[in-house]
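Down below is the structure, laid out as structure tokens.
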Amino acid sequence: MSTITRALGVALVGAALMLGAPVAHAEPAVSAGSIDWKPCADDATAECGTLRLPIDYANPSGDTFDLAVARRKATDPAKRVGVLLVNPGGPGLSGVSFAIRQKNYFSADVRARFDIIGWDPRGVRLSQPVRCSSDLGLKRPSDYPATEAEFDALVTFNRDLRADCRKRSGPIADHADNGATVQDMDSIRQALGENQINFYGLSYGTLMGQQYAERYGDKIRSMVIDSNMDHSIGTRAFAATSAQTAESSFTEWVKWCEATTSCALYGRDVTKFWDDLLAKADRGEVFEEGYPVDAKSIISLASNAFYGPYFGDYAKWLSTLQTGTPTQRLSVRDVAEINLPWQSTFCADFSLPVHTFAEYQSLSAIENAVAPHMRGGSIGHKSIIDCVGMPEKINNPQHPLTIRNAPKILMLNSLYDPATSYLWAANAHRQSKDATVLLTYEGWGHGVYDKGDCVGKAVDGYLATLETPAQPARCASVPATVQVSSDHDRGVRPYGTGFGPVMGHSGS
């Protein structure tokens, strides 16, 4: 383990100790209704419906909203075990679309045993989406303020955006945190008439799983949480670990390119090529088909490419970029409103305050020291910046993970995940070691379930029999150019084609 990794690990433990105990929640004094299932409009082989729920569980007789739900029934009723609730993360990704379109994401054995249940979390897409002005969104200042005035402008923008979203969306914007979502999950369980659920959560969906286990542990039969969040850390630990995992992913991509003849940059000093390209982009000298490409875009696309990982595709794209003078200007979509649940969800789950420009400079220095080639890392940086100026008293504050009365939960994480640091998974596991088993994938990418037979069989076996892998559980990496084993019947990843959205920054 490197010195920086050890240091970050210590920082995580210290941050967790400072954040205090879990916050107690009152149980909802509400009985869930029923779901009227009908064939989905997009695919009649799946069923869709809605479940009416209170916007504020503390006021169950108040305003309500309709939670969109989709179901694919178990393909072999004789083998049916129960329901498998699934969430692909974000926050902001659609569980309904996941259940409908990713029908082969799980193995044939899992599909035979479980009804696959997806839902759009409150504030997302079909579940009373948080709506915000697209015109206002286009006025967003830089995520990298260079002066105190630019930092102040960012604070003002975030507050104006929050006010706009609340005005357009109504009270759902103040009740889209993960604490409310796990109550929705249990309402789904009740509406389905199930005593217990099985759950698979990916990325931000792992936070749903962790907090459902804290609150409703006895309602779980099995749970797989893949690419884990750490809900115990503060601003500096979040920034440092996010930067570390971005830089380690970059380093692994460089190693792959320099050792793989099919890489479009093979035979070159890839790190020098990268540094030179970013310098040219800073001067406005990089373009694609006449359109300018800035350094921020190059880094953001790198983060997205490392999700798969799509090492070869990304290297090929970089090799096609031209240098010189752009001849075209970028245009934007003409839409009045966009679904932006980020502030209403992430900023209500994580209080990561940055009060002043001086504090921002200190934080940025940490990010850049840890991730010099990724310039601090775009994912974690943007996650913090999008919440600058937001209320620090939040609905679902951070706390160490405390799970009681739950069966063994299977945690998955790759060593080189561009979005959810392995340090996060290790820290969450450390806090819940009596309730969780951590399976480490010794490779790359965000999302581990589809990374070869070792991981796939461990997950499928656990879901079927509740037997967890012996500790320490590890699976060797599969080649970065191979994502799906022919022995494991999988569909495409939940991010669709291309590099996929960065965690938490998907809009529709």
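Under mature numbering (1 follows the signal peptide of the UniProt record, and there is no 0), the residues of the sequence shown are numbered -26 to -1, 1 to 482, in order.
All residues carry an ideal CB built from backbone N, CA and C; glycine is no exception.
Using a Cβ-Cβ cutoff of less than 6 Å, which residues in the same chain neighbour residue i once the five nearest sequence positions on both sides are dropped?
{"i": "Ser107", "result": "Asp138"}
{"i": "Glu333", "result": "none"}
{"i": "Lys290", "result": "Ala238"}
{"i": "Val228", "result": "Val244 and Thr245"}
{"i": "Tyr390", "result": "Ser222, Ser223, Glu226 and Trp418"}
{"i": "Tyr186", "result": "Val156 and Met159"}
{"i": "Ser406", "result": "Leu375 and Ile377"}
{"i": "Tyr288", "result": "Ala279"}
{"i": "Asp323", "result": "Asp151, Asn152 and Asn370"}
{"i": "Glu232", "result": "Val244"}
Between the beta-carbon of residue i and the beta-carbon of residue j, is there less than 8 Å?
{"i": "residue 485", "j": "Val104", "result": "Absent from the structure is residue 485, since the part of the chain shown begins at -26 and ends at 482."}
{"i": "Ala52", "j": "Gly97", "result": "no"}
{"i": "Pro274", "j": "Ser338", "result": "The sequence given here places Ser at residue 274; Pro does not occur at that position. Result no, Cβ atoms of Ser274 and Ser338 do not sit closer than 8 Å."}
{"i": "residue 556", "j": "Gln184", "result": "Nothing about residue 556 can be reported from this structure: the residues present for the chain run from -26 to 482 only."}
{"i": "His403", "j": "Thr394", "result": "no"}
{"i": "Val57", "j": "Gly92", "result": "no"}
{"i": "residue 498", "j": "Val433", "result": "With the chain represented from -26 up to 482, any question about residue 498 goes unanswered, as that position is not in the structure."}
{"i": "Arg163", "j": "Ile90", "result": "no"}
{"i": "Phe72", "j": "Ile146", "result": "no"}
{"i": "Leu384", "j": "Thr442", "result": "yes"}
{"i": "Ala438", "j": "Arg85", "result": "no"}
{"i": "Pro392", "j": "Tyr281", "result": "yes"}
Could you pull the start and end residues of the beta strand (DSSP E) that residue i belongs to?
{"i": "Asn172", "result": "Ile171 to Leu176"}
{"i": "Ile194", "result": "Ile194 to Asp200"}
{"i": "Thr24", "result": "Glu21 to Pro28"}
{"i": "Cys237", "result": "That residue, Cys237, is in no beta strand (DSSP E); it is neither H nor E in DSSP."}
{"i": "Ala44", "result": "Thr38 to Arg46"}
{"i": "Asn152", "result": "Run containing Asn152: none in the beta strand (DSSP E); it sits in the alpha helix (DSSP H), Asn152 to Leu166."}
{"i": "Arg105", "result": "Arg105 to Ser107"}
{"i": "Tyr281", "result": "Neither: Tyr281 is in no beta strand (DSSP E) and is coded neither H nor E."}
{"i": "Phe261", "result": "Val260 to Glu262"}
{"i": "Asp89", "result": "Phe88 to Trp93"}
{"i": "Gly183", "result": "Where Gly183 is concerned, there is no enclosing beta strand (DSSP E), although the alpha helix (DSSP H) it sits in stretches over Gly179 to Tyr190."}
{"i": "Asn61", "result": "Gly56 to Asn61"}
Taking residue i as part of the alpha helix (DSSP H), name the residues at either end of that continuous run.
{"i": "Phe125", "result": "Glu122 to Ser143"}
{"i": "Asn78", "result": "First-last for Asn78: undefined, no H or E at that position."}
{"i": "Val244", "result": "Val244 to Asp256"}
{"i": "Tyr31", "result": "Neither: Tyr31 is in no alpha helix (DSSP H) and is coded neither H nor E."}
{"i": "Glu384", "result": "One detail in the question is off: residue 384 reads as Leu in this sequence, not Glu. Note, Leu384: premise wrong, no alpha helix (DSSP H); beta strand (DSSP E) at Ile383 to Tyr390."}
{"i": "Trp316", "result": "Trp316 to Asp323"}
Whose C-beta lies closer than 7 Å to the C-beta of residue i among residues of the same chain, with five residues either side of it excluded?
{"i": "Asp256", "result": "Ala269"}
{"i": "Lys367", "result": "none"}
{"i": "Ala454", "result": "Trp230, Pro283, Phe285 and Trp418"}
{"i": "Arg378", "result": "Gly191"}
{"i": "Asp134", "result": "Leu110"}
{"i": "Phe125", "result": "Pro119, Phe331 and Tyr334"}
{"i": "Asp16", "result": "Ile74"}
{"i": "Ala154", "result": "Tyr31 and Arg96"}
{"i": "Val267", "result": "Ala255, Val260, Phe261 and Leu295"}
{"i": "Gly36", "result": "Pro28, Ile29 and Asp30"}
{"i": "Asn202", "result": "Thr180, Met385, Asn387, Thr394, Trp398, Ala399 and Ala402"}
Report yes or no: is there a C-beta of chain C within less than 8 Å of the C-beta of residue i?
{"i": "Ala339", "result": "In the displayed structure, chain C is absent; only one protein chain is listed."}
Since residue i and residue j should fall inside the 8 Å C-beta cutoff, what is the C-beta to C-beta distance between them, to a whole number of angstroms?
{"i": "Tyr396", "j": "Ser451", "result": "With 8 Å as the limit, Tyr396 and Ser451 do not qualify as a contact, their Cβ atoms being about 13 Å apart."}
{"i": "Ala20", "j": "Leu100", "result": "14 Å between Cβ atoms; not a contact."}
{"i": "Gln170", "j": "Ile207", "result": "Wrong, their Cβ atoms sit about 30 Å apart, outside the cutoff."}
{"i": "Tyr240", "j": "Gly63", "result": "About 33 Å separates the two Cβ atoms, so there is no contact after all."}
Once you ignore the five residues that flank residue i on each side, which residues in its own chain have a CB closer than 8 Å to its CB?
{"i": "Ser459", "result": "Because the pLDDT at Ser459 is just 34, under 50, the model does not fix this residue reliably, and the value given afterwards should be weighed accordingly. Gly426, Asp427, Gly430 and Val452, listed in sequence order."}
{"i": "Gly298", "result": "Glu259 and Phe261"}
{"i": "Asp10", "result": "Gly23 and Thr24"}
Every unbroken beta strand (DSSP E) inside the region 397 to 456 [3 residues or more]: 410 to 418 and 447 to 450
So within the region 339 to 373, which uninterrupted alpha helix (DSSP H) runs reach at least 4 residues, ignoring any that extend past its ends? 352 to 359
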